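Novice: Take a look at the following structure, please.
Residue numbers (our numbering), protein chains in the order written: chain A, 1 to 112; chain B, 1001 to 1114.
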């Protein structure tokens, strides 16, 4: 069965520090992989996506993610976190039929 | 252009009442999804509409939940005889089929059943 695991429920980093959010997936074929960000009271915004090709994907707001097939992972990274990055981050895999599968999210707190 | 909009943004209702949640997708997007987001949970797929095809209702949790999409545009999610466990944020997303698998999400409707 398809699934997405985000092992870190909550992460706290200092502003200016680097960030890595983990995502592991279970999928029977080559997956489509996504990272979304949800700010308080907002809908989900797509940060980046991977379909094929270069396994290092660049997204908006300075984020990048690397697809590692051997580890079934698609971790999100940012070299220097800004206070405005505080939000909930969701990893997703799609699609099987009409469905996308979302992880339970990682809440990011940024301290000054 | 305008993004996906949802109304109301917040809804408080009493147990046993019916509620209707509305989603206005991005104009021209042929695909529309409803998800439920409960506290501490990921997004739970509810239903999917694509053009004039029969909707994929496989994610609806019970027969109290139904949805329709009129004219291939606006969608309404109806929950009958609401229960406290229905309290959640209901998110709508639209997608331009063939548009690189990207869903655009609305801000959600936060439903509280007392």
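Note that beta-carbon positions come from the ideal geometry of N, C-alpha and C, so glycine has one too. Fair warning: this is a prediction, and the values are worked out from it, not measured in the lab.
1. Any residues in the region 1074-1108 of chain B with a beta carbon nearer than 9 angstroms to a beta carbon of chain A? Which ones, in chain order?
2. So what does DSSP say about residue 1070 of chain B, is it helix, strand or coil?
3. Tell me which residues share the same chain as residue 1015 of chain B and place their Cβ nearer than 7 angstroms to its Cβ, disregarding the 5 neighbours each side in the sequence.
4. Does the beta carbon of residue 1043 of chain B come closer than 8 angstroms to any beta carbon on chain A?
5. Please tell me whether residue 1004 of chain B has its Cβ less than 8 angstroms away from any Cβ of chain A.
6. Would you check if the region 52-64 of chain A and the region 102-109 of chain A touch, i.e. whether three or more CB-CB distances between them fall below 8 angstroms?
7. Listing by chain order, which chain B residues have their CB less than 7 angstroms from the CB of residue 102 of chain A?
8. So with CB distances below 8 angstroms, who are the chain B contacts of residue 42 of chain A?
9. Per DSSP, which one or two residues make a beta bridge with residue 74 of chain A?
10. Below 8 angstroms on the Cβ atoms is my contact criterion, and I expect residue 118 of chain A with residue 1004 of chain B to pass it. Report the Cβ-Cβ distance as a whole number of Å.
11. Against residue 90 of chain A, what residues of chain B qualify as contacts under a CB-to-CB distance less than 9 angstroms, listed in chain order?
12. Once you ignore the five residues that flank residue 1096 of chain B on each side, which residues in its own chain have a CB closer than 6 angstroms to its CB?
Specialist: To lay it out plainly:
1. For the region 1074-1108 of chain B, the beta-carbon criterion of a distance under 9 angstroms to any beta-carbon of chain A is satisfied by 1091, 1092, 1093, 1100, 1101, 1102, 1103, 1104, 1105, 1106, 1107, 1108.
2. Here the question's residue 1070 of chain B lines up with position 70 in the second chain. Three-state DSSP puts residue 1070 of chain B in a helix.
3. Counting from one through the second chain, the residue named residue 1015 of chain B turns up at place 15. Residues 1082, 1083, 1084, 1113, 1114 of the same chain have their beta carbon placed closer than 7 angstroms to that of residue 1015 of chain B, with the five preceding and five following residues left out of the count.
4. In the second chain, counting from the first residue as 1, residue 1043 of chain B sits at position 43. Interface residue, yes.
5. For the purposes of this step, residue 1004 of chain B is taken as the residue at position 4 of the second chain. Between residue 1004 of chain B and chain A, the shortest Cβ-Cβ separation is below 8 angstroms.
6. no
7. Position 102 of the first chain, counted from the start, is the residue given in the question as residue 102 of chain A. 1042, 1043, listed in chain order.
8. On the first chain, position 42 is the one that residue 42 of chain A refers to. Those within 8 angstroms of residue 42 of chain A in chain B are 1107.
9. For this step, residue 74 of chain A is matched to residue 74 along the first chain. Paired residues: A:67.
10. An answer regarding residue 118 of chain A cannot be provided, because it is not within the stretch 1 to 112 covered by chain A.
11. Translated into the one-based positions of the first chain, residue 90 of chain A becomes position 90. By Cβ distance, chain B contributes 1042, 1043.
12. Position 96 of the second chain, counted from the start, is the residue given in the question as residue 1096 of chain B. Taken in chain order, the residues that qualify are 1029.
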